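Have a look at the structure below, then the notes.
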Amino acid sequence: MKLLGHASPEMTMLYVELMMNDLQREFQLARSKPRHLVPQPKTSFALTRTGLAGVIDSLLAAQHVLEMFRRSLPVGAARSSRDRLSNRLTKIAIEARKLGTP
3 MKLLGHASPE MTMLYVELMM NDLQREFQLA RSKPRHLVPQ PKTSFALTRT
53 GLAGVIDSLL AAQHVLEMFR RSLPVGAARS SRDRLSNRLT KIAIEARKLG
103 TP
């Protein structure tokens with residue numbers, strides 16, 4: 003109790019209750035008015051394209067995200083299975099490109 007300078011535990015608990023409400027109010031206020039805005043993620047151009055081109059763009063985006071995730075994994079079975087999945091996506095994208103050419 004000497005830490006806060008109060009003579010009784012009841013006074014310390016009252017202080018804690020009052021400060022908790024003030025702290026929560028200030029936290030919510032600060033959260034509602036952020037100092038820095040979080041940048042919005044860029045929308046991929048695959049959303050604006052339709053047809054086969056949009057499918058190919060989506061495959062490439064999925065392959066990119068999978069590769070970023072795969073690189074964060076330690077060397078082992080999980081990483082090699084993600085590598086095989088990435089290879090499959092590459093082959094699917096190649097076949098999809100062939101569909102677009104006459």
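Per the working numbering, the very first residue in the sequence shown carries number 3; after that it's consecutive.
All C-beta atoms in this analysis are idealised placements derived from N, C-alpha and C, irrespective of residue type, glycine included.
Remember, predicted model here, so these are calculated numbers, not experimental data.
Identify which residue in the options has its Cα closest to the Cα of residue i.
| i | options | result |
| --- | --- | --- |
| residue 57 | 79, 96 and 8 | 96 |
Grab me the residues of residue i's own chain with a C-beta within less than 8 Å of its C-beta, minus the 5 sequence neighbours each way, in chain order.
| i | result |
| --- | --- |
| residue 68 | 84, 87, 88 and 91 |
| residue 61 | 91, 94, 95 and 98 |
| residue 75 | 81 and 84 |
According to DSSP, simplified to helix, strand and coil, what is residue i?
| i | result |
| --- | --- |
| residue 90 | helix |
| residue 7 | coil |
| residue 53 | helix |
| residue 78 | coil |
| residue 15 | helix |
| residue 106 | The structure shown does not extend to residue 106, since the chain spans only 3 to 104, so no value can be given for it. |
Beta-carbon within less than 7 Å of residue i's beta-carbon, same chain only, minus the 5 sequence neighbours each way: which residues are those?
| i | result |
| --- | --- |
| residue 77 | none |
| residue 19 | none |
| residue 35 | none |
Report back the beta-carbon spacing between residue i and residue j to the nearest angstrom; my notes put them in contact at under 8 Å.
| i | j | result |
| --- | --- | --- |
| residue 102 | residue 54 | 5 Å |
Spatial neighbours of residue i within its chain, please: CB distance less than 6 Å, with the 5 preceding and 5 following residues excluded, ordered by chain position.
| i | result |
| --- | --- |
| residue 2 | Absent from the model: residue 2. The displayed extent of the chain is 3 to 104, so no value can be given. |
Can you tell me whether residue i sits near the ligand ZN, meaning its C-beta is under 8 Å from at least one heavy atom of the ligand?
| i | result |
| --- | --- |
| residue 101 | With respect to the ligand ZN, the structure shown offers nothing to examine, as it has no ligands at all. |
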